[in-house]
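2 protein chains.
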Amino acid sequence: MARAQNDTKARIGEVALELFGRQGYERTSLREIAERLDITKAALYYHYPSKRDLLRALSEPLRQDAMGLAERFGERSDEPREVLGAYFDLCVRHSTLMVTLLHDLAGLSESGLVEEVVAWRRRLDVALVGEDAPIPARMGAVAALGGIQDIAVLMPAEEATLHRGRAVEIALAALRVGMSGMD
Amino acid sequence: MARAQNDTKARIGEVALELFGRQGYERTSLREIAERLDITKAALYYHYPSKRDLLRALSEPLRQDAMGLAERFGERSDEPREVLGAYFDLCVRHSTLMVTLLHDLAGLSESGLVEEVVAWRRRLDVALVGEDAPIPARMGAVAALGGIQDIAVLMPAEEATLHRGRAVEIALAALRVGMSGMD
DNA sequence: GTCTATACGTCGATAGAC
DNA sequence: GTCTATCGACGTATAGAC
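These protein sequences, in sequence, are chains U and S.
Counting in our numbering, the first sequence runs from 1 upward without gaps.
Counting in our numbering, the second sequence runs from 184 upward without gaps.
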């Protein structure tokens with residue numbers, strides 16, 4: 001029945017997220033996950049077609065959120081402060097998952113998230129400095145997004161949130177120095 | 184004889200670097216490396232005690248270089264421009280290896296480089312804003328280093344080198360905005 | 001000192017019975 | 001929906017040839 005299906009599937013996801021986060025994707029075997037739930041490896045395969053799909057399912061919320069952001073700033077924006085602020089908020093909102101995956105790069109690789117993050121950031125680059133910006137301007141955009149992302153992910157979430165305004169100003173300064181001299 | 188030892192060991196390293204870079208660490212099996220050299224898996228085991236050690240050996244030059252930088256700026260520097268420039272140069276100098284590892288996060292994880300990079304960057308944070316800097320100042324340092332690192336790694340090496348001065352100025356601007364208001 | 005032959009245990013994944 | 005049984009490939013390990 002549908003009830004049991006959702007129950008088991010959800011419980012598998014919970015256990016997997018905990019174990020992946022604690023000891024990493026590669027070091028967590030399907031046998032280990034199955035034993036915690038008192039089922040067999042083969043039962044997992046009824047709910048998820050592969051170990052990789054199980055991992056991907058865990059990062060789906062972040063994926064959805066980022067797609068929304070990319071669509072919102074699909075073309076060049078004249079409000080860079082808004083773009084940088086929204087990107088900061090997204091990084092903070094999912095910082096737990098991001099840190100979990102960051103501490104487990106093998107899993108991050110397998111999740112396919114990296115390629116997507118690179119693609120999203122390119123779209124945000126365009127939103128910040130336009131399509132065919134000169135090299136220095138693109139440098140400013142890359143540094144602004146890379147800098148604000150590092151603040152959100154590397155620093156404690158509470159500290160980052162408390163000084164959100166300053167974080168945006170820092171990124172904005174990098175962006176401006178990159179663009180100075182542009183027409 | 185010592186000659187043969189170096190030859191085989193070096194050839195293993197070359198093939199491994201190429202295959203790891205092309206298809207990733209996890210997806211490259213020791214059997215595959217061995218077959219390319221017309222030797223057996225067990226022969227690899229003679230030269231490198233494990234697959235992990237083989238990978239670590241490949242990132243040794245970067246490791247040495249970064250250790251030198253960390254020691255050079257072990258304590259707070261009053262020349263942030265110099266610190267940022269030196270970090271930029273290091274990222275560019277090893278950008279091929281860094282990009283290779285970046286495209287293969289599973290390998291990056293196994294190499295143990297991430298923890299070291301985080302540690303080096305913390306030392307550079309201290310060199311930039313001091314030991315017990317307030318949160319906004321630390322934000323500036325994190326954004327400055329994260330931004331300049333992204334420029335060096337994400338942008339084409341030629342473009343980055345050509346505009347090295349601007350990259351340093353961008354990072355410097357982020358650092359300044361973070362520190363503004365500090366005593 | 002350098003390498004081969006062979007094996008062990010574990011992994012992700014599949015087939016088919018209940 | 002879950003089981004048992006099994007698969008091929010993997011990293012690792014050791015004994016012994018040369």
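Heads up, the beta-carbon is just placed ideally off N, CA and C, and yes, glycines get one too.
Keep in mind that this is a model prediction, so the values were computed, not measured.
In this structure, Gly24/U is the residue among Leu19/U, Gly24/U and Glu14/U with its C-alpha nearest to the C-alpha of Leu108/U. When the beta-carbon positions are compared, Val177/U and Ala240/S stay at least 8 Å from each other. Around Ala226/S, the same chain offers Ala217 as residues with beta carbons nearer than 7 Å, after the five sequence neighbours per side are excluded. Between Met155/U and Val325/S, the beta carbon gap of about 6 Å places them in contact (Cβ cut-off 8 Å). Scanning Glu158/U, Glu116/U, Asp65/U and Ala137/U for the CA closest to the CA of Glu342/S turns up Ala137/U. Shown here for Arg349/S: not one same chain residue has a beta carbon closer than 8 Å to its own, the five before and five after excluded. Rounded to the nearest angstrom, the Cβ distance from Val168/U to Met98/U is 19 Å, too far for a contact under 8 Å. For Pro263/S, none of the residues of chain U pass the 7 Å Cβ criterion, the least Cβ distance being about 14 Å. Residue state for Thr283/S is assigned as helix, using DSSP reduced to three classes.
Segment contact: the segment 301-313 of chain S against the segment 238-255 of chain S, three or more CB-CB distances shorter than 8 Å; contact assigned. In this structure, the beta-carbon distance from Ile353/S to Gly112/U does not fall below 8 Å.
DSSP places Glu298/S inside the alpha helix (DSSP H), whose first and last residues are Leu296 to Val312. If you check each beta-carbon in the segment 135-151 of chain U against every beta-carbon of chain S, the ones closer than 8 Å belong to Ile135, Pro136, Arg138, Met139, Gly140, Val142, Ala143, Ala144, Leu145, Gly146, Gly147, Ile148, Gln149, Asp150 and Ile151. Boundaries of the alpha helix (DSSP H) around Ala340/S: Ala340 to Leu345.
Using a CB distance below 9 Å, the part of the segment 104-120 of chain U facing chain S consists of Asp104, Leu105, Ala106, Gly107, Leu108, Ser109, Glu110, Val114 and Val118, ordered along the chain. Interface residue (Cβ-Cβ distance to chain U less than 8 Å): Arg349/S is classified as such. Interface with chain U (8 Å Cβ-Cβ cutoff): Leu337/S is included.
When C-alpha distances from Met362/S are compared across Asp333/S, Gly313/S and Thr344/S, the shortest belongs to Gly313/S.
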